[in-house]
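Peer 1: First, the structure itself, so that you have it in front of you.
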Amino acid sequence: MATSYLIRTVTQSCKLGLRFNPTVNSNAYIFHPSTSIVQISFSRTYVSFVNKVTADQLWSGVTSVSNAGKKRGRGRSVKKRLDLNKGQRLGVGKSEMVFPGLTGPAMTGKKILEVYQPKKDESAEAASAQKKVPERKRRFPKIPSLLRGYSGRKFAGTSIGPPDPINDYVFNGFDSKVLEYKIVNHMTGNLGRKARISALVVTGNGNGLAGFAVAKAATGKAALRKAKNMAAQRLQYFERYQNHTVFHNFAVTESKTTIFVQKKPAGHGVVAHRVIKTMCELIGIKDLYAKTEGQTGIIQNVTKAFFKGLMEQETHQQLADRMQLNVVEYRPEMENVPIPVAKPSQGFSRPDPIKEEAFDFNNMYYKDGRIPLKKYVDPDLQFKLPSTLRYFLNQHKHRNQKHARYLRHVHGLEPSPEEVKFRQKPLK
Numbered sequence: 006m007a008t009s010y011l012i013r014t015v016t017q018s019c020k021l022g023l024r025f026n027p028t029v030n031s032n033a034y035i036f037h038p039s040t041s042i043v044q045i046s047f048s049r050t051y052v053s054f055v056n057k058v059t060a061d062q063l064w065s066g067v068t069s070v071s072n073a074g075k076k077r078g079r080g081r082s083v084k085k086r087l088d089l090n091k092g093q094r095l096g097v098g099k100s101e102m103v104f105p106g107l108t109g110p111a112m113t114g115k116k117i118l119e120v121y122q123p124k125k126d127e128s129a130e131a132a133s134a135q136k137k138v139p140e141r142k143r144r145f146p147k148i149p150s151l152l153r154g155y156s157g158r159k160f161a162g163t164s165i166g167p168p169d170p171i172n173d174y175v176f177n178g179f180d181s182k183v184l185e186y187k188i189v190n191h192m193t194g195n196l197g198r199k200a201r202i203s204a205l206v207v208t209g210n211g212n213g214l215a216g217f218a219v220a221k222a223a224t225g226k227a228a229l230r231k232a233k234n235m236a237a238q239r240l241q242y243f244e245r246y247q248n249h250t251v252f253h254n255f256a257v258t259e260s261k262t263t264i265f266v267q268k269k270p271a272g273h274g275v276v277a278h279r280v281i282k283t284m285c286e287l288i289g290i291k292d293l294y295a296k297t298e299g300q301t302g303i304i305q306n307v308t309k310a311f312f313k314g315l316m317e318q319e320t321h322q323q324l325a326d327r328m329q330l331n332v333v334e335y336r337p338e339m340e341n342v343p344i345p346v347a348k349p350s351q352g353f354s355r356p357d358p359i360k361e362e363a364f365d366f367n368n369m370y371y372k373d374g375r376i377p378l379k380k381y382v383d384p385d386l387q388f389k390l391p392s393t394l395r396y397f398l399n400q401h402k403h404r405n406q407k408h409a410r411y412l413r414h415v416h417g418l419e420p421s422p423e424e425v426k427f428r429q430k431p432l433k
């Protein structure tokens with residue numbers, strides 16, 4: 006019955022000149038009535054995720070947090086809803102064409118306006134009147150690359166400025182840097198587990214004066230300020246050789262952390278643990294090599310060991326007074342000419358020579374007679390490889406050719422490029 010009714014309706018509509026296109030969930034059907042042949046198409050309505058979900062449901066999926074997530078603190082960084090239509094004008098595109106009756110008046114007096122493009126000044130006035138969508142502010146301001154710490158946005162390695170003035174004394178030229186920033190807990194009888202912030206800060210003026218301190222407080226700012234001011238009250242002065250490096254090689258141990266420090270010439274730079282680099286920057290040491298062994302992740306042990314090693318240094322003058330000998334220095338860039346560095350304070354040196362066979366300035370400050378192990382590297386190892394021998398055999402025919410060509414150029418015996426090409430032609 007339904008099919009016959011549909012065919013009759015279609016036939017009547019065709020006689021009246023009407024266009025019939027019903028919408029049902031079915032494929033296209035072709036009907037052949039007796040009076041005429043009519044083709045009828047039926048469109049299909051698709052139901053998908055876009056049709057089912059409303060805008061409120063989409064926003065709730067982005068901005069909402071479950072109850073379990075709220076308990077864990079996940080709701081702090083949830084974004085707010087944005088009005089996507091804010092700052093937009095209907096009918097206005099990039100070219101800012103004016104359509105009368107839609108984006109502007111349809112008539113001016115009795116004259117009907119046509120579609121036109123406004124001048125630049127008019128579009129600028131319209132843009133100024135348009136409400137701009139405010140940019141979302143950063144929760145944390147971006148830190149420049151040179152001011153960042155060791156890793157990401159963490160405090161370790163960052164500068165917190167000079168210490169606070171004490172009465173009338175101002176710490177001019179000082180700077181303080183955070184070496185360690187962590188949360189520590191301890192159990193109390195009435196409050197249970199109580200958390201605090203522990204900060205390790207080192208301060209210095211870059212001219213041999215530096216100090217460090219560890220402080221704890223309930224908040225991070227208070228711990229940093231307290232540690233910085235405590236470090237300013239524990240300053241120590243360190244002697245430096247020519248204001249750029251240490252006086253001699255040494256090894257120092259703190260708990261299970263050992264540091265081997267080597268003296269380096271000017272221009273070498275500081276090659277060491279990142280914490281030691283920071284301390285050298287604040288102390289004023291520019292050239293140094295330090296190898297850290299053992300528990301290198303315990304920052305407090307590394308700091309204590311390095312300060313301890315610098316304090317136990319022996320200057321060249323102290324060495325001359327202790328050994329009653331003149332101290333001289335040999336430099337390769339000075340053709341190893343002995344340069345006097347220090348002499349005994351009493352004015353004369355002892356007549357008897359040193360009887361210790363293993364006396365060496367580079368190893369005399371390592372304790373318990375132990376010195377760093379330096380593995381022997383065969384200088385001819387690369388020449389013993391089969392690949393190296395093949396390379397030298399291939400290059401053997403080119404030996405001395407560069408110098409010979411230079412001499413031919415000098416004496417005018419080198420052929421020109423045209424003559425070289427002529428010589429390369431085959432003989433007839």
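Mapping of the sequence shown onto this note's numbering: residues 6 to 433, in sequence order.
C-beta: ideal position from N, C-alpha, C; glycine also.
1. DSSP three-state call for Phe427: helix, strand or coil?
2. Is the Cβ-Cβ distance between Ile290 and Val275 less than 9 Å?
3. Please classify Lys231: does DSSP put it in a helix, a strand, or coil?
4. Using the three-state DSSP reduction, which class does Pro38 fall into: helix, strand or coil?
5. Note down the Cα distance separating Phe311 from Lys231, rounded to an integer number of angstroms.
6. Just verifying my parser: in three-state terms, what is the DSSP assignment at Thr108?
7. Hey, out of Ala409, Val332 and Asp383, whose CA is closest to Pro345's CA?
8. With a threshold of 8 Å on Cβ separation, who are the neighbours of Gln305 within its own chain once the five nearest residues in sequence on each side are excluded?
9. Assuming Ser181 and Thr208 form a contact by the criterion Cβ under 8 Å, report the distance between their Cβ atoms to the nearest whole angstrom.
10. For a quick check, are the C-beta atoms of Phe265 and Asn254 less than 9 Å apart?
11. With Pro391 as the anchor, note down where its beta strand (DSSP E) starts and where it stops.
12. Consult DSSP for Ile202 and reduce its assignment to one of helix, strand or coil.
13. Tell me whether Met339 is buried or exposed, calling it buried when 16 or more other Cβ atoms sit within 10 Å of its Cβ.
14. Note down the Cα distance separating Ser453 from Val58, rounded to an integer number of angstroms.
15. How big is the Cα-Cα spacing for Arg245 and Gly213?
16. Could you compute how far the alpha carbon of Ser260 sits from the alpha carbon of Asn399?
17. Please determine whether the Cβ atom of Val58 lies at a distance below 8 Å from any heavy atom of the ligand ATP.
18. Just confirm the distance between the C-beta atoms of Ala222 and Ala228, as a whole number of angstroms; I'd bet it's less than 8 Å.
19. Terminal residues of the continuous beta strand (DSSP E) containing Lys187?
20. Quick one: complete beta strand (DSSP E) runs, 3+ long, within the region 287–340?
21. Do the region 344–359 and the region 313–326 touch if we need at least three Cβ pairs shorter than 8 Å?
22. Using only alpha-carbon positions, find the residue among Thr108, Thr113, Ile171 and Lys226 that is nearest to Phe160.
23. I'd like to confirm the pairing. Which residues does DSSP put opposite Glu259 in its beta bridges?
24. Against chain B, with Cβ distances strictly below 9 Å, would Arg144 count as a contact?
25. When you compare only the Cα positions, how much space is there between Lys389 and His401?
26. Could you pull the start and end residues of the beta strand (DSSP E) that Lys221 belongs to?
27. Give the straight-line distance between the Cα atoms of Leu418 and Glu424, rounded to the nearest whole angstrom.
28. When we look at the beta-carbon of Thr193 and count the other beta-carbons within 10 Å, is it buried (16 or more) or exposed?
Peer 2: Well, looking at it:
1. helix
2. Taking a C-beta distance under 9 Å as the contact criterion, Ile290 and Val275 qualify as a contact pair.
3. Secondary structure at Lys231: helix, using DSSP grouped into helix, strand and coil.
4. Because Pro38 sits at a pLDDT of 49, beneath the cut-off of 50, its placement in the model cannot be relied upon, and the following sentence gives the value as read from the coordinates. Coil, per DSSP.
5. When rounded, the distance between both Cα atoms is 22 Å.
6. coil
7. Val332
8. Glu185, Leu205 and Val219
9. 4 Å
10. yes
11. Pro391 -> not in any beta strand (DSSP E); alpha helix (DSSP H) instead, spanning Pro391 to Gln400.
12. Correct three-state label for Ile202: strand.
13. exposed
14. Limits of the chain in this structure are 6 at one end and 433 at the other, which puts residue 453 out of reach.
15. 7 Å
16. Rounded to whole angstroms, the separation of the alpha carbons of Asn399 and Ser260 is 57 Å.
17. In the structure shown, the ligand ATP is absent, as is every other ligand, since no ligand is present at all.
18. 4 Å
19. Asp180 to Thr193
20. Within the region 287–340, the complete beta strand (DSSP E) runs of at least 3 residues are 293–299 and 332–334.
21. yes
22. Lys226
23. Thr262
24. Included in the structure is just one protein chain, with no chain B present.
25. 17 Å
26. Leu214 to Ala222
27. 12 Å
28. Counting C-beta atoms within 10 angstroms of its own C-beta, Thr193 has fewer than 16 neighbours from the protein chains shown and is therefore classed as exposed.
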